[in-house]
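S.K.: What follows is a single structure, and I will ask about it in a moment.
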Amino acid sequence: FSDETPRDYHCNLGPDGRRRDADEKPELSRGTVEFVATKEFMVSRIHV
């Protein structure tokens, strides 16, 4: 298992299972995700 995360970016977890610094790092608490839909999804009626 290879981990490319810099050592100084690692953080312990709190009792709730979240990183202790999650609220201090905007990329962990206020990030966004963009999904690209496939052609098959776009022609299906499921998403309508």
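Each residue of the sequence shown is one higher than the one before, counting from 1028 in our numbering. Cβ atoms here follow ideal geometry from the backbone N, Cα and C, with glycine treated the same way. Please read all numbers here as calculations on a predicted model, not as lab measurements.
By DSSP's criteria, arginine 1046 is part of a beta bridge. Which residues make up the other side?
M.R.: Answer is Leu1040.
S.K.: In terms of residue numbering, what span does the alpha helix (DSSP H) encompassing lysine 1066 cover?
M.R.: Per DSSP, lysine 1066 belongs to the alpha helix (DSSP H) from 1066-1070.
S.K.: Using a Cβ cut-off of 9 Å (strictly closer), state whether tyrosine 1036 contacts chain C.
M.R.: Protein chains in the displayed structure number just one, and chain C is not present.
S.K.: Just to confirm before moving on: does the CB-CB distance between leucine 1040 and arginine 1047 stay below 9 Å?
M.R.: It is a contact, given that the beta carbons lie within the stated cut-off.
S.K.: Is the beta carbon of alanine 1049 sitting closer than 9 Å to the one on leucine 1055?
M.R.: It is a contact, given that the beta carbons lie within the stated cut-off.
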